[in-house]
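Here is the structure we will look at.
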Amino acid sequence: MRVCVTGATGFIGSRLVPELLGAGHEVTVVTRDPSGYDPPSENVRVVEGDLLEPGSFDAALEDVDAAYYLVHSMGGEGDFEERDRRAARNFRRSADRAGVDRVIYLGGLGGEEEEEALSDHLQSRREVERLLDDGEYDLTVLRAAIVIGAGSASFEIVIQLGRRLPVMITPRWVRTPAQPIAVSDVVAYLVGVLDVPETAGGTFEVGGPDVLTYQEMLERTAALMGRRLYVVPVPVLTPTISAYWLDLVTDADPAVAHALVEGLRNPVVVTDDRIQDLVDVELTPFETAVERALAEKGIRVQPRRGR
2 MRVCVTGATG
12 FIGSRLVPEL
22 LGAGHEVTVV
32 TRDPSGYDPP
42 SENVRVVEGD
52 LLEPGSFDAA
62 LEDVDAAYYL
72 VHSMGGEGDF
82 EERDRRAARN
92 FRRSADRAGV
102 DRVIYLGGLG
112 GEEEEEALSD
122 HLQSRREVER
132 LLDDGEYDLT
142 VLRAAIVIGA
152 GSASFEIVIQ
162 LGRRLPVMIT
172 PRWVRTPAQP
182 IAVSDVVAYL
192 VGVLDVPETA
202 GGTFEVGGPD
212 VLTYQEMLER
222 TAALMGRRLY
232 VVPVPVLTPT
242 ISAYWLDLVT
252 DADPAVAHAL
262 VEGLRNPVVV
272 TDDRIQDLVD
282 VELTPFETAV
292 ERALAEKGIR
302 VQPRRGR
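All residue numbers for the sequence shown refer to our numbering, where the first residue is 2 and numbers rise by one.
In structure tokens form, the structure reads like this:
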């Protein structure tokens, strides 16, 4: 199958392209800076383009059967929601003109609350879904919560907190349940849906085998690094104050940190597991995913008890 990947230099996209090649697909990638992109194979077609610039990436979608939309503007300056809208509309128009059959979008897992109750970050993900869904192609949406892997913005914050702090004073929302998933499992789902026609036009939730609170994720990650972290939730500490505190104790992009902390109030747990009947993925336990991520970063992993 001829496939185009946007966001190929990102955390997910950089892992997806080699797997698509390994599955026998012909891959085209769109990047704003081809000189800075090192393709995993000489067989990857690299096209210069920017989704915020209409027409600049049209060539990448010519003669393509399916396209992955992995672009998100959470970091950086300015109005990320408006950038997300513009990029999604530009992509949709270009994909329609090119006659793309399928588009696969990786969005954010969230609860069934009224959309106004979602964080700005999740609201923007939902809006991108709606904009992409207006295209003439079949849209497949996969929704994931925190993705565990080296380079994940959210997981990088977890690692830094676990390494640097013995005690954390947090908002009570740190006890919100989440269903993290290993990056390898997300990529397996993204590749797998191409071969399952039943996933065309559907929205699916993906998560790992463990449901944990953010507090548990912090404590378990710290333990795997040989540290003990004490997390003390208090009712008077707001996510906004916590986000500014993260600016002081981590080197995360402030815009990313603020968006992620704001999202703590939304439970991100799979309520519809239909995807497991359609795409066979052996889900990775949380600790195993963390161990792999730490090893990839060159961080020594402490043996788990009971091994």
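Just so you know, even glycine gets a beta-carbon here, dropped at the ideal spot from N, CA and C.
Burial state of residue i (16 or more Cβ within 10 Å)
i: Y138; result: buried
i: S125; result: buried
i: R173; result: exposed
i: D80; result: exposed
i: V232; result: buried
i: E220; result: buried
i: Q180; result: buried
i: E157; result: buried
i: P268; result: buried
i: G56; result: exposed
i: R144; result: buried
i: I13; result: buried
i: E43; result: exposed
i: Y69; result: buried
i: G8; result: buried
i: D29; result: The sequence given here places Thr at residue 29; Asp does not occur at that position. Buried is the call here.
One or two residues paired with residue i in a DSSP bridge
i: D139; result: R103
i: I182; result: V148
i: E288; result: For E288, which the question treats as bridged, DSSP gives no partner whatsoever.
i: T7; result: V31
i: E206; result: R144
i: V48; result: V31
i: Y38; result: DSSP, once it has assigned bridges, lists no residue as partnering Y38.
i: G14; result: The partner list for G14 (beta bridge, DSSP) is empty, contrary to what the question assumes.
i: I214; result: The sequence as given places Thr at residue 214; Ile does not occur at that position. The partner list for T214 (beta bridge, DSSP) reads P178.
i: A67; result: V4 and R103
i: G109; result: A145
i: V269; result: A179
CA nearest to the CA of residue i, picked from the options
i: A223; options: E82, V194 and R164; result: R164
i: L133; options: D97, L110 and V47; result: D97
i: D135; options: F156, F92, G37 and T272; result: F92
i: E199; options: Y69, A151, Y38 and L140; result: L140
i: L53; options: A201, A89, V45 and L22; result: A89
i: I160; options: Y38, R228, P286 and Y69; result: R228
i: G108; options: T204, S36 and G37; result: T204
i: S36; options: V48, G25 and D274; result: V48
i: E130; options: H73, E288 and V271; result: H73
i: D274; options: D39, D64 and L110; result: L110
i: V142; options: R127, E27 and M2; result: R127
i: S185; options: V212, P19 and S155; result: P19
i: D39; options: V271, L21 and S15; result: S15
i: G25; options: L123, M2 and L162; result: M2
i: S153; options: L123, V175 and V187; result: V187
i: T214; options: E206, D252, V175 and V197; result: V175
i: A99; options: V197, P210 and L62; result: L62
i: L123; options: R94, E82, S95 and A151; result: E82
i: E206; options: S155, D278 and P41; result: D278
CA-to-CA distance, residue j to residue i, given in whole angstroms
i: V4; j: V104; result: 10 Å
i: D66; j: Y190; result: 18 Å
i: Q216; j: I149; result: 15 Å
i: A294; j: E283; result: 18 Å
i: R87; j: R33; result: 16 Å
i: R84; j: D51; result: 12 Å
i: G77; j: G11; result: Only weak support is given to the placement of G77: the predicted model assigns it a pLDDT of 49, under 50, and the value that follows is read from those uncertain coordinates. Straight-line Cα distance between these residues: approximately 15 Å.
i: D59; j: G208; result: 33 Å
i: V31; j: A146; result: 25 Å
i: P304; j: V291; result: 12 Å
i: D102; j: L225; result: 44 Å
i: A296; j: R46; result: 31 Å
i: A201; j: P234; result: 42 Å
i: I182; j: F287; result: 7 Å
i: D64; j: Y106; result: 19 Å
i: V6; j: L71; result: 8 Å
i: L162; j: V270; result: 23 Å
i: M218; j: T177; result: 11 Å
i: I276; j: K298; result: 30 Å
i: L22; j: T272; result: 32 Å
i: I300; j: T289; result: 14 Å
i: V197; j: V302; result: 37 Å
Chain B contact for residue i (CB, 9 Å cutoff)
i: V6; result: Looking at the structure shown, chain B is missing, and only one protein chain is on hand.
Touching by the beta-carbon criterion (3+ pairs, under 8 Å), the region 191–199 and the region 270–283
Touching, yes, given that three or more Cβ pairs across the two stretches are closer than 8 Å.
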